[in-house]
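Worksheet for the structure shown next.
Numbering (the UniProt record's numbering), first residue to last: 1 to 106.
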């Protein structure tokens, strides 16, 4: 999980993930066209994303295509966000029911 948070902590890596979300299966060359940094810098960022399992690779002949892997992000959501969100939804549902009961009793 540490590699995942380290990968997500950098704005450039988040931008690469956004690009893959918008158009999955891009080559290094395609990704570099959209970035304002050297090919080597993009390669280093992609390597960290691969190590964090946020990007998967598929070879098509000699071309290496990069795909977004949303599973680790979903795991973060479940562990760190989802459990807090459930309480808010339950509170809103309780409030809704209480307001509906008050309206029905008038």
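In this text, a Cβ means the ideal position worked out from N, Cα and C, and glycines have one as well. Note that this is a predicted model, so its numbers are computed, not measured.
DSSP places residue 94 in the helix class (H, G or I) of the three-state scheme. Three or more pairs of CB atoms, one per stretch, sit closer than 8 angstroms, so the stretch 21-39 contacts the stretch 64-79. For residue 56, the enclosing beta strand (DSSP E) has its first and last residue at 55-60.
Separation of residue 101 and residue 6 (C-alpha to C-alpha, rounded to the nearest whole angstrom) is 48 angstroms. With a cut-off of 8 angstroms on Cβ pairs, the stretch 88-99 is not in contact with the stretch 38-58, counting fewer than three such pairs. Residue 66 has 26 and 57 as its beta-bridge partners, per DSSP.
Here residue 34 carries a coil assignment [DSSP, helix/strand/coil].
The beta carbon of residue 78 is closer than 6 angstroms to none in its chain, skipping five residues each way along the sequence. Sequence-distant partners of residue 76 (beyond 5 residues in either direction) whose C-beta falls short of 6 angstroms from its own C-beta are missing from its chain. DSSP places residue 10 in the coil class of the three-state scheme, outside both helix and strand.
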